[in-house]
Amino acid sequence: MIPVLDVRGLKVTIRTDDGPAEVLDDVGLTLERGRILGVVGESGCGKSTLIRAIMGILPKAASTEAGEIWFEGENLLVFSERELNAQVRSSRIGFIPQDPLLALNPVFKVGTQLLEVMRWHAPGSRRDHVARLVMLLRRMQVPDPENALERYPHQFSGGQRQRLLIAAALSCAPKLVIADEPTTALDVTTQHQILLLLRELVAEFGLSLLFVTHDFGVVAELCDDLCVIYAGQTVEAGPMRAILQAPSHPYTRALLACHPDRATSFIGIPGLVPSPLTRPSGCLFAARCADVRAGCAEARPGQGRAASGVQVRCVQFT
Amino acid sequence: MTPIVEVRDLTVLVGGRRGFLVKNVPPVRAVDGVSVDLRKGEILALVGESGSGKTTLGRTLLGLQRETSGEILLDGTRVSGLAPEAARRARRDIQYVHQDAGAALDPWWSIGRTLAEGLLIHGIRSSAERNDRVAEMLAAVGLDPASGRRYPHEFSGGQLRRVALARILLLRPRVLILDEPTSGLDMSVQATVLNLLLELRERFSLTYLFISHDLSVVERLSDRVAIMHLGRIVESGETKPLFAQPSHAYTRALLDAVPRLDGRSISVGMPVAAN
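Order-wise, the sequence lines are chains A and B. So the first sequence is numbered by my numbering: it starts at 1 and just counts up by one. So the second sequence is numbered by my numbering: it starts at 1001 and just counts up by one.
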């Protein structure tokens, strides 16, 4: 079976006043049908750029230099803007944003905003759309779903707003849903409820979910597969359990060691993610790596495999 | 251990309006009969969801919010029942570290100028002494002493937290109220900030009131925990036994919701409660 989403060797450069910035260098990930793939990395590693590249909403100064983005067997990179709007965005790829308050316009009713998306991207009449939205809101356990469409964003709590936006993402019956840290602004108990809900929705609506986060705890609860990104490269990818039990790449190991559940002392990872303007010629993690070896600073390591079958980009595994 | 701050039966009412032509709006009991001790040198974590009253409690301790009833003692001396300005003066030993370090700094002022301002307000007239103390404190929080010339936008999120700490520590407080000091930081940076907090506690003999809803951090960092729910402290005690055996239903619900690295995954079919 072909995967829902298959990104290969994606390279994205953004023109800046200080020269080209290699934001994504070599990102690859595979999301199989019906699964939840977690994308993890520090800020500045290219997680947001990756999402934008998949949805075709990169800034004007950005150019995709290499790579392929296969979505249900079609390469999205050859689609025109018009084709993406008509055939892909919202209708087949739904998006759940990080901050539900920023994503909703405070001066329009919730119904006006959610129905606008469906008017462009979903088949059927307005009456069908309203019926589907009410059904979705009921499923999202938004209180009083029939009248919710007539209310304004400020009349909902943070968790409820996130539920509204999950309903919006599902409104046009997409196959793939991309969620960008949808629970960071929420309390732990609300976060827990939203994660449970997402888990159920994936099974119920036959979705595949790409879940971007920097919280390994959330990954451990929710995801089936995991893709760790560092400085615009996929450094480790494979089944979530296998990676959390025995992380292979030094970066994954260091990140996991920062989590309070595993930390022996609060050391963190010394140093910073290298700037996309001046990427070193060798392994991008070499400067911060606890297990750095002689040749690490000279050549970029290719993709290798650990004994568990997990993909690892490190000289120790090639 | 002697308590440095004692809070006795504190109640804070917020908002509310006596209506003349409009209808009466009753005030909210943001803090409702809270009693808690802060012992010298400890880290007490105040945990609760948004709206539980933990920030209001912190603001009241500082003297920014006036208590409606109850007592606050600092070193055994009563510092409550004062007008806001007098209350703030009496509680100089208690300082607050803002949750959003970036928003708490003036983008048009260099870090050095911002840091020196606090010293000026506290009556240090010699600019040479101010500059020396700023440079010394920047070094203490692990920043380059020369970075006083730089502006807030030139710092990363983790560095801004350090600047915020330096700014407050210059005032030589003994009790720090830390409002979500690691929210919004990457795990790798969060660890270094927590490490710094532990170091500074030793070096300046500080006592922390650590306001957070990140229970995995609380579990690792704090000596004692107080769980707040709807303005009341529903459970408090030593961190380890409390986390191992929570007795209040709300504490259990809170602990169950924490995402764990090596715990259960969510399975389909578990009940979802509406919020």
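Even glycine gets a Cβ: it sits at the ideal position worked out from N, Cα and C.
Which of the three DSSP states is assigned to LEU1120 (chain B) in this structure?
helix
Neighbouring residues, chain B, relative to SER43 (chain A) (Cβ below 7 angstroms):
ASP1186
Under 6 angstroms Cβ to Cβ from LEU179 (chain A), same chain only, skipping five residues before and after it: list those, please.
Correcting the residue identity first, residue 179 (chain A) is Ala in this sequence and not Leu. Within the same chain, ALA179 (chain A) has close Cβ partners ILE96, PHE211.
Alpha-carbon spacing of THR252 (chain A) relative to ASP1075 (chain B), whole angstroms
47 angstroms
Hey, quick one: how far does the beta strand (DSSP E) through MET1228 (chain B) stretch, first residue to last?
1224 to 1229
What alpha helix (DSSP H) runs, 4 residues minimum, are completely inside the stretch 84 to 123 of chain A?
Restricting attention to alpha helix (DSSP H) runs no shorter than 4 residues, the stretch 84 to 123 of chain A encloses them at 100 to 103, 110 to 121, ordered along the chain.
Which one or two residues does DSSP pair with ALA21 (chain A) in a beta bridge?
A:ILE14
Measuring alpha carbon to alpha carbon, tell me which of A:LEU114, A:THR264, A:GLU298 ends up nearest LEU167 (chain A).
With the sequence shown as reference, residue 167 (chain A) is identified as Ala, and Leu is not the correct amino acid for it. Here the closest residue by C-alpha is A:LEU114.
Which residues DSSP lists as bridging VAL1005 (chain B), in chain order
B:LEU1038, B:LEU1074
Name, please, each residue of chain B whose Cβ falls closer than 9 angstroms to the Cβ of PHE266 (chain A).
GLN1190, ALA1191, THR1192, VAL1193, LEU1194, ASN1195, LEU1196, LEU1197, LEU1198, ARG1220, LEU1221
Check for me: the beta strand (DSSP E) holding SER208 (chain A) runs from which residue to which?
208 to 213
Can you tell me the Cβ-Cβ gap for CYS223 (chain A) and GLY38 (chain A), rounded? I've got them flagged as a contact below 8 angstroms.
Between GLY38 (chain A) and CYS223 (chain A) the Cβ distance is about 4 angstroms, and since that is below 8 angstroms, they are a contact.
Return the CA-CA distance between GLY302 (chain A) and VAL218 (chain A), expressed in angstroms with no decimal places.
29 angstroms
Cβ separation of ILE1072 (chain B) and LEU1010 (chain B), assumed to be a contact under 8 angstroms, to the nearest whole Å
Confirmed, about 7 angstroms.
Answer with buried or exposed for GLY1063 (chain B), where buried requires no fewer than 16 other C-beta atoms within 10 angstroms of its C-beta.
By the 16-neighbour rule on beta-carbons within 10 angstroms, GLY1063 (chain B) is buried.
Within 10 angstroms of the Cβ of THR189 (chain A), are there 16 or more other Cβ atoms? Answer buried if so, exposed if not.
THR189 (chain A) counts as buried, since at least 16 other C-beta atoms from the protein chains shown sit within 10 angstroms of its C-beta.
If we require 4 or more residues per run, which alpha helix (DSSP H) segments fall completely within the stretch 181 to 257 of chain A?
The qualifying runs are 188 to 204, 216 to 222, 240 to 245.
Whose CA, out of B:GLU1067, B:GLY1102, B:ALA1103, B:GLN1099, lies closest to the CA of ALA1087 (chain B)?
B:GLU1067
If you compare alpha carbons, which of A:THR278, A:ARG288, A:THR318, A:PHE285 is closest to GLY19 (chain A)?
The shortest Cα separation from GLY19 (chain A) among A:THR278, A:ARG288, A:THR318, A:PHE285 belongs to A:THR278.
Does DSSP put ALA1045 (chain B) in a helix, in a strand, or in coil?
Of the three classes helix, strand and coil, the one that applies to ALA1045 (chain B) here is strand, per DSSP.
Whole angstroms is fine: what's the gap from GLU181 (chain A)'s alpha carbon to VAL1028 (chain B)'s?
Per the coordinates, the alpha-carbon of GLU181 (chain A) lies some 32 angstroms from the alpha-carbon of VAL1028 (chain B).
Using DSSP with H/G/I as helix, E/B as strand and the rest coil, what is GLY1142 (chain B)?
coil
Among the candidates A:GLY46, A:LEU165, A:LEU284, whose CA atom is the shortest distance from the CA of THR213 (chain A)?
Checked all of A:GLY46, A:LEU165, A:LEU284; the closest Cα to THR213 (chain A) is A:GLY46.
Between which two residues does the beta strand (DSSP E) carrying LEU1209 (chain B) extend?
That run of the beta strand (DSSP E) goes 1207 to 1212.
Can a CB atom of chain A be found closer than 8 angstroms to the CB of ALA1274 (chain B)?
Since pLDDT at ALA1274 (chain B) reaches only 40, below the 50 mark, its modelled position is unreliable, and the value read off the structure follows with that caveat. Yes, contact with chain A.
Between ARG1174 (chain B) and LEU1160 (chain B), what straight-line distance do the alpha-carbon atoms span, to the nearest angstrom?
21 angstroms
Per DSSP, which one or two residues make a beta bridge with ARG1108 (chain B)?
Per the sequence shown, residue 1108 (chain B) should be read as Trp rather than Arg. Residue pairing by DSSP places TRP1108 (chain B) opposite no residue, since no beta bridge is assigned to it.
Between THR234 (chain A) and VAL40 (chain A), is the Cβ-Cβ spacing less than 8 angstroms?
VAL40 (chain A) is positioned such that its CB atom lies no closer than 8 angstroms to that of THR234 (chain A).
Along the chain, where does the alpha helix (DSSP H) containing LEU50 (chain A) start, and where does it finish?
47 to 55
How long is the line joining the alpha carbons of LEU284 (chain A) and ALA242 (chain A), rounded to whole angstroms?
24 angstroms
Select from B:ARG1203, B:THR1114, B:ASP1106, B:LEU1255 the residue whose C-alpha is nearest the C-alpha of VAL1225 (chain B).
Closest in C-alpha terms to VAL1225 (chain B), from the list B:ARG1203, B:THR1114, B:ASP1106, B:LEU1255, comes B:LEU1255.
Spatial neighbours of PRO274 (chain A) within its chain, please: CB distance less than 8 angstroms, with the 5 preceding and 5 following residues excluded, ordered by chain position.
The residues are ALA231, PRO280, LEU284, ALA287.
Mind checking whether HIS129 (chain A) and MET140 (chain A) have CB atoms under 8 angstroms apart?
no
What residue from A:LEU136, A:PRO276, A:PRO239, A:GLU221 has the CA that sits closest to THR16 (chain A)'s CA?
A:PRO276
Counting Cβ pairs, one atom from each stretch, are 3 or more of them under 8 angstroms apart for the stretch 1183 to 1191 of chain B and the stretch 1148 to 1155 of chain B?
no
LEU176 (chain A) and ILE36 (chain A): beta carbons closer than 8 angstroms?
no
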